[in-house]
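S.K.: In UniProt numbering, the protein residues as written are 1 to 495.
Even for Gly, the Cβ is constructed at its ideal location relative to N, Cα and C.
Remember, it's a predicted structure, so these values are computed and weren't measured experimentally.
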Amino acid sequence: MLHLGQMRHLEQAKKMFKNVYLIAGVTEDDETIRYKSHIVNSMVERAEMLRHIKWVDEVIAPCPWIITPEFFHKNKLDFVAHDDIPYSAVQKVSENKTKHCEDIYKWLKDEGKFKATYRTEGISTTECIIKILQNYEDFIDKFLKNGLKPSELNIPITTGKSILLKKTILTLLDKLSTQLTQLTLTNEPLGAGFNDRIDLVISNLFKGVAIWLNKHSIILEDFKEIPYVPSHETVYSKSVSLEPVESIPKPNLPSANYKEDEEVVVYTYGVFDLLHYGHARHFEYVKKMFTRVKLIVGVLTDEDTVTCKGRLIQPLHIRAATLEHIKWVDEILSPCPLELTQEFLNKHRIDYVCYNDDPMINTESPLWCSLNKLGRVIYVPKTVSMCTTSLMLNILKNYDIYLKRSLDRGVCRRELKLGYAKERSLMVKSSIKNFQKKLNDEITQLTLMDKHIVSMIFRYGACSSSSNTTNPPKGVFYSYIVIPLKGVPFPRRGF
């Protein structure tokens, strides 16, 4: 997920010298998962987003995680720019040997070919993910109510129904609390209609309980009828269509509305939370519609965002600052109004306005109808393979993985709204998975051995003793399962 901190890093690199040709490298998915843990966007998606950043001249995808002298000279690099925090990695030096590297940029630093950039405090991929994890149940509730099935969110049917029930009860309690508060704020004497208002509150309370009982009985039936099959595969996107924007059909606009040699002012607005390449392609599409385009982008307030979308990950100033790094954007209006007015259009000399079937835009208003009749509305098709919802789904579907990742990076469980039992459960699951992976690796290595006896060796624990093995490492105890092959006598060894 490309964020403001990374964009500012690219800007720093571009401005280090007078004339800089900036190449941005994107590591492949498997290598990124190995060194960085789980990923939200695939390599293709990450590379596509970089193409829209104004500081980037070229994108290499894939590039190696560890920069080698061969890669450095092959691409005719002068310097490598990164933050100055040492990055460690386990390097493979031969078929069966690896070595631990404390700082993968050390050789570049020693040769004076490394340029350090500064991190933007408080902005990182981890911070964005934490904000989603903190409101996990709210997002799950929203997606379930929008028609997604629990299996699509990688949760059991019981968990999905439990979250829906919990949110329904909380909503009823909020309504009850509001009514009780209004009851105590009245200026009327207690005898003047007080009993009627009490009866109304009690009636609403009984209605709430009746709804809860009804939903509870339905949930119990659902538990029996719908089995849950857990999914172990992560799908980054159902289909990544990255055809050139120029190949997307353009709308037929009245030629009388503009002249080829004149600047055309186009306005588009939205939330732009967790900015992604779907947003960027939207801007590119508009920018390339006419010979000369001034693209003005409006950013909605935090309040309007919550009203329209029901959620907010990044505040207004972060969303607006991120747009400053997109090469297609000429001007940013932050904040912008949710409802367009003729005065607003006249003030900014806007010739065309854009929309893309976003339900938050009231295209049935008199002003929108008038602009549509005059041919002043541009319909911009959405990028099917990417939207903010799909980004969030990739995180929510892998909730446990991202929780463990955040805990490993020092995030407090209370900050993640995580109970002690859940934290310990995650640790146990992680230990079991790590053991299973080591076991599978050992079995795979054993199948490649050209010996009469297949021995499955597991590291059990440290002790200062030797065994009947052939030159075992000191201080390590091995247990064996020896499987005799046909015609080979069973060896007599202690276990």
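Please go through the segment 296-380 and give each complete alpha helix (DSSP H) segment of 4 or more residues, from N-terminal end onward.
M.R.: 302-309, 316-323, 342-347, 366-373
S.K.: Based on Cα-Cα distance, which residue from E127, T168, F114, W107 lies nearest to E137?
M.R.: Within the sequence shown, numbered from 1, the residue matching residue 137 stands at position 137. Of the candidates E127, T168, F114, W107, the one whose C-alpha sits nearest the C-alpha of E137 is T168.
S.K.: Starting from E58, trace the beta strand (DSSP E) both ways and give me its first and last residue.
M.R.: To locate residue 58, count along the sequence shown from 1; it is residue 58. Looking at the DSSP string, the run of the beta strand (DSSP E) that includes E58 is 58-63.
S.K.: Nearest by alpha-carbon distance to W65: which of K36, K166, Y267 is it?
M.R.: The count along the sequence shown starts at 1 and reaches residue 65 at position 65. Ranking the options by Cα distance to W65, first place goes to K36.
S.K.: Might you give, ordered along the chain, the residues of its own chain that have their beta carbon closer than 7 Å to the beta carbon of A24, omitting 5 neighbours on each side?
M.R.: As a working note, residue 24 is residue 24 in the sequence shown. Correct list, in chain order: L10, L50, V56, V59.
S.K.: Contact check, A280 vs I326 under 8 Å by CB: the rounded distance?
M.R.: Here residue 280 refers to the residue found at position 280 when the sequence shown is read from its first residue. Here residue 326 refers to the residue found at position 326 when the sequence shown is read from its first residue. Taking the Cβ atoms as the reference, A280 lies roughly 6 Å from I326, within the contact range of under 8 Å.
S.K.: Report buried or exposed for V380, applying the criterion of at least 16 other Cβ atoms within 10 angstroms of its Cβ.
M.R.: Position 380 of the sequence shown, counting from 1, holds the residue named residue 380. When all chains shown are included, V380 counts as buried.
S.K.: Mind checking Y402: buried by the 16 CB within 10 Å criterion, or exposed?
M.R.: Along the sequence shown, one-based indexing puts residue 402 at 402. Result: buried.
S.K.: Given this structure, state the Cα-to-Cα distance separating M392 from F139, to the nearest angstrom.
M.R.: Walking along the sequence shown from the start, residue 392 turns up at place 392. Walking along the sequence shown from the start, residue 139 turns up at place 139. Taken atom to atom, the span from the alpha-carbon of M392 to that of F139 is near 9 Å.
S.K.: Would you decide whether H73 is buried or exposed? Buried here means 16 or more other CB atoms lie within 10 Å of its CB.
M.R.: In the sequence shown, counting from the first residue as 1, residue 73 sits at position 73. The residue is exposed, with fewer than 16 neighbouring Cβ atoms inside 10 Å.
S.K.: Which of helix, strand or coil does DSSP assign to D174?
M.R.: Translated into positions along the sequence shown, residue 174 becomes position 174. Correct three-state label for D174: helix.
S.K.: Note the first and the last residue of the continuous beta strand (DSSP E) segment covering V286.
M.R.: For the purposes of this step, residue 286 is taken as the residue at position 286 of the sequence shown. Note, V286: premise wrong, no beta strand (DSSP E); alpha helix (DSSP H) at 277-287.
S.K.: Determine the DSSP secondary structure at F143, reduced to helix, strand or coil.
M.R.: By 1-based counting over the sequence shown, the position of residue 143 is 143. The answer is helix: DSSP assigns F143 an H, G or I state.
S.K.: According to DSSP, I53 sits in a beta bridge with which residue or residues?
M.R.: Locating residue 53 in the sequence shown gives position 53, where the first residue counts as 1. Its beta-bridge partners are I326.
S.K.: With a Cβ-Cβ cutoff of 7 Å, do N346 and V40 count as a contact?
M.R.: Taking the sequence shown and counting its residues from 1, the one referred to as residue 346 is at position 346. Taking the sequence shown and counting its residues from 1, the one referred to as residue 40 is at position 40. The answer is no: Cβ separation not under 7 Å.
S.K.: Taking its Cβ as the centre, do 16 or more other Cβ atoms sit within 10 Å of P150, making it buried, or is it exposed?
M.R.: Taking the first residue of the sequence shown as position 1, residue 150 is located at position 150. Buried, because 16 or more other Cβ atoms sit within 10 Å of the Cβ of P150.
S.K.: Mapping DSSP to helix, strand and coil, what is Y118?
M.R.: Looking up residue 118 in the sequence shown gives position 118. Correct three-state label for Y118: coil.
S.K.: So, under 8 Å CB-CB, V265 and I378 are touching, yes? Tell me the CB distance rounded to an integer number of Å.
M.R.: Here residue 265 refers to the residue found at position 265 when the sequence shown is read from its first residue. Here residue 378 refers to the residue found at position 378 when the sequence shown is read from its first residue. V265 to I378, Cβ: 12 Å. No contact.
S.K.: According to DSSP, G25 sits in a beta bridge with which residue or residues?
M.R.: For this step, residue 25 is matched to residue 25 along the sequence shown. Its beta-bridge partners are I60.
S.K.: Residues bridged to G270 by DSSP?
M.R.: Numbered from its first residue, the sequence shown carries residue 270 at position 270. According to DSSP, which records beta bridges pairwise, G270 is partnered with V299.
S.K.: Ignore the nearest five residues each way along the sequence and tell me which others in C128's own chain have a CB closer than 8 Å to its CB.
M.R.: Numbered from its first residue, the sequence shown carries residue 128 at position 128. Cβ within range, chain order: M1, H3, L274, I313, Q314.
S.K.: Is it the case that the segment 110-122 contacts the segment 67-84, given that we only count it when at least three CB pairs across the two stretches are under 8 Å?
M.R.: Judged by Cβ distances under 8 Å, the segment 67-84 makes contact with the segment 110-122, as three or more pairs qualify.
S.K.: Would you mind giving the Cβ-Cβ distance between M386 and E45, rounded to the nearest angstrom? I have them listed as a contact below 8 Å.
M.R.: Here residue 386 corresponds to residue number 386 of the sequence shown, with the count starting at 1. Here residue 45 corresponds to residue number 45 of the sequence shown, with the count starting at 1. Under the criterion of beta carbons closer than 8 Å, M386 and E45 qualify as touching, at roughly 7 Å.
S.K.: Across which residues does DSSP place D83 in a beta bridge pair?
M.R.: Counted from its first residue, the sequence shown places residue 83 at position 83. D83 is bridged to T117.
S.K.: May I ask you to report which of helix, strand or coil DSSP gives C387?
M.R.: The residue you call residue 387 lines up with position 387 of the sequence shown. If DSSP states are grouped into helix, strand and coil, C387 belongs with coil.
S.K.: Which same chain residues end up closer than 6 Å to L108 when comparing Cβ atoms and leaving out the 5 residues on each side of it in sequence?
M.R.: Counting from one through the sequence shown, the residue named residue 108 turns up at place 108. Closer than 6 Å at Cβ, skipping near neighbours: V80, F114.
S.K.: CA-CA distance, T305 and E111?
M.R.: Mapped onto the sequence shown, residue 305 falls at position 305. Mapped onto the sequence shown, residue 111 falls at position 111. The straight-line gap from Cα to Cα measures roughly 49 Å.
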